[in-house]
Structures are given as C-alpha cells and as structure tokens.
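Taking our numbering, the leading residue of the sequence shown gets 233, the next gets one more, and so forth. Since the structure comes first, as structure tokens, the remarks are kept for the end.
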Amino acid sequence: VNTVRERLFLLITAAVLAGGAVGAVGPVGFVGLIVPHTVRRLAGGDYRRLLPLSALGGAVLMIWADIFSRVIVTPAELPIGVILSLLGGPFFLYLLVKKPTL
C-alpha cells in the first residue's frame, strides 16, 4: 500500500467534503472549527472553561471578521463569509496535516 498516495487521496477527499459542506451551509461553520481548537490550546481541556471561552471567542471572531469585512473595501462591504473562509481554509488544512497528539 502506497501510504503517501493514500494520505494525499484522503486529504483531498476531506478538503472536497469540507468544501461541499461549506457550500451548503456557509462558511460560518469555520468559526466552530477555529475557535475551539485555539481556545483548547490556550486554556487547556477543562470544559468548565473551554465552553464559555469558546462561545466568547466565537463571538469575538465574528465581530472582528465583520469589522474587517466592512473596512477592507470601503465603501463597499465584503461578505463576512469571505473573511471566515480565508481564515478557516488554511486552519482546516493545518488540522488535516498535523500529527495527532494523544
């Protein structure tokens, strides 16, 4: 079994499936991918802190993405989904290729 080829195939398949999901429901789901992983890395795995900090982090990310989408192409407004996709896409790829830690 060619593991390099299989890994590349699975990476491409996961990216296409994620792209399809984002196309169906919108890129706001990237917030649910970015924020909890980042908060867990910063605050640890205690769910008493992780859940409220993830909610707060998601709200802050949405506010900053909204502000940035309004400012970047003034006087027009860029859709917030574009900003979230630009953040979420590379982050998703990072999660796919990083080695899992137990």
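Backbone N, C-alpha and C define an ideal beta-carbon position, used for all residues, glycine too.
Express the C-alpha separation of L327 and A287 in angstroms, rounding to a whole number. Along the sequence shown, read from residue 1 onward, the residue named residue 287 stands at position 55. Along the sequence shown, read from residue 1 onward, the residue named residue 327 stands at position 95. Distance between the alpha carbons of A287 and L327: 20 Å.
Given 8 Å as the limit, is there contact between the region 257-275 and the region 283-299, that is, 3 or more CB pairs closer than that? yes
Do you know offhand how far V305's Cα is from I315's? In the sequence shown, the residue the question calls residue 305 occupies position 73. In the sequence shown, the residue the question calls residue 315 occupies position 83. C-alpha separation (whole angstroms): 12 Å.
Grouping DSSP H, G and I as helix and E and B as strand, with all else coil, what is P284? Along the sequence shown, one-based indexing puts residue 284 at 52. Note: P284 maps to helix in three-state DSSP.
Who are the Cβ neighbours of G258 in its own chain at under 8 Å, not counting the five residues just before and after it? On the sequence shown, residue 258 is found 26 positions in, with the first residue counted as 1. Taken in chain order, the residues that qualify are G313.
Do G289 and V267 count as a contact pair if the criterion is CB distance below 9 Å? Residue 267 sits at position 35 when you count from the first residue of the sequence shown. Residue 289 sits at position 57 when you count from the first residue of the sequence shown. Their beta carbons are under 9 Å apart, which means V267 touches G289 by this criterion.
Given that a residue counts as buried once 16 or more other Cβ atoms are within 10 Å of its Cβ, and exposed if not, what is L293? Working through the sequence shown from its first residue, we reach residue 293 at position 61. Buried: at least 16 other Cβ atoms inside 10 Å.
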